[in-house]
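Here is the structure we will look at.
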Amino acid sequence: MQKAQNFLEGADILLEHANWEAAATLGVHAVISSCDAITAKFLSCRHSGPTHLEVINLLEQLPMANRSELKTKITQTKEVILMKNKVEYEERPIKKTQAQKIVTQADRIVKWVATHVAQ
764 MQKAQNFLEG ADILLEHANW EAAATLGVHA VISSCDAITA KFLSCRHSGP
814 THLEVINLLE QLPMANRSEL KTKITQTKEV ILMKNKVEYE ERPIKKTQAQ
864 KIVTQADRIV KWVATHVAQ
């Protein structure tokens, strides 16, 4: 969980410095690390497949009482992970609004995971 929080902190700093690609990249990795933390805690496993989107299958298995909230977090996670290739590999630069959205979603996910991992 600490790694996810560190990535998120770095993303916030990079947003302040208008480094959109780096901020978005750290936002994506904050989400991936958060997924590892919550699935390790509740399912005793972490995603290890060829595509990060496969973590969605693990998230759907989480034993959360509030299924509606879980569904929202899964949707947010999917949105961020779908941006990973664009952020890291595509030639076109990331726009400010895209980076802000990724970091905002990452912040929501990291905070949500932190509350559940701490229990």
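Numbering-wise (my numbering), the sequence shown opens with residue 764 and increments by one.
C-beta: ideal position from N, C-alpha, C; glycine also.
Cβ pair residue i, residue j closer than 8 Å
i, j, result
"residue 857", "residue 837", "no"
"residue 841", "residue 821", "no"
"residue 791", "residue 846", "yes"
"residue 869", "residue 764", "no"
"residue 825", "residue 801", "yes"
"residue 797", "residue 774", "no"
"residue 865", "residue 787", "yes"
"residue 873", "residue 785", "no"
"residue 778", "residue 862", "yes"
Continuous alpha helix (DSSP H) stretch holding residue i: start and end
i, result
"residue 754", "Outside the shown range of the chain (764 to 882) lies residue 754, about which nothing can therefore be said."
"residue 831", "830-845"
"residue 774", "765-779"
"residue 858", "No alpha helix (DSSP H) contains residue 858, which DSSP labels as neither H nor E."
"residue 821", "818-822"
Cβ shell of residue i (< 6 Å), same chain only, five flanking positions each side left out
i, result
"residue 814", "none"
Chain-order list of residues whose beta-carbon lies under 8 Å from that of residue i (same chain, five-residue window excluded)
i, result
"residue 871", "836 and 839"
"residue 832", "875"
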